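Written out below as structure tokens is the structure these notes cover.
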Amino acid sequence: MGDSSSLEHSLDSFGITNVSLPLVVEVLNKLSNAGALALTFFRWVEKKEGYKHTNESYNALIEALDKIKQFNSIWDIVEEMKRKGLETKETFGLIMRRYARCRKTKEAIETFKMEKFGMKHELSDYNRLIDINRVKLCSRG
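Residue numbers (this note's numbering): -5 to 135.
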């Protein structure tokens, strides 16, 4: 945790007082292969007065975390999104695609079970699941 506190201290030293959603998403995208740094930045920025994360910033964080296969952290983030009413089908689709890329079909299908988050499936959701599994099967050769 020392690394994260030193990063937060460095960020504070810049005297940044006003942050915007586009800036936050851009930084998270730039940190997409450094999930731990992305999470530290995410936590730092949420402490800034007047800033609130949206599903867009949460999804950018999830992308950074799942590129380094931090799926447990991702589910903690999804639970946080749920508490704030920010979870979306886009979030679940993003996670399903990442599981499929890692050849984790079972986990992708479990992610599809969005009902536990109060979401109802639509035809497009089933199509997304079929597409994800089709791509996975085709990539096996």
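For every residue, glycine included, the Cβ atom is placed at its ideal position computed from N, Cα and C.
In this text, all values refer to a predicted model and were calculated from it rather than measured experimentally.
- Counting only residues of its own chain and dropping the five nearest sequence neighbours on each side, alanine 54 has a CB closer than 7 Å to the CB of Val19, Leu22 and Asn23.
- Around glutamine 64, the same chain offers Gly29 as residues with beta carbons nearer than 6 Å, after the five sequence neighbours per side are excluded.
- Under the three-state reduction of DSSP, serine 26 is assigned to coil, being neither helix nor strand.
- Rounded to the nearest whole angstrom, the CA to CA distance from alanine 102 to serine 118 is 16 Å.
- One alpha carbon belongs to serine 7, the other to leucine 1, and they sit about 10 Å apart.
- Relative to the Cα of leucine 17, the nearest Cα in the group His47, Trp69 and Ser(-1) belongs to His47.
- Rounded to whole angstroms, the Cβ separation of serine 67 and leucine 33 is 7 Å, and the two are in contact under 8 Å.
- Burial of glycine 87 is indicated by the presence of at least 16 other C-beta atoms within 10 angstroms of its C-beta.
- When DSSP assignments are scanned along the region 14 to 88, the uninterrupted stretches of alpha helix (DSSP H) that are 4 or more residues long and fall wholly within it turn out to be 15 to 24, 29 to 40, 49 to 61 and 65 to 78.
- Restricting attention to Ser51, Asn12 and Glu104, the CA atom closest to the CA of leucine 25 is found in Ser51.
- Under the DSSP assignment, isoleucine 103 falls in the alpha helix (DSSP H) whose first and last residues are 99 to 106.
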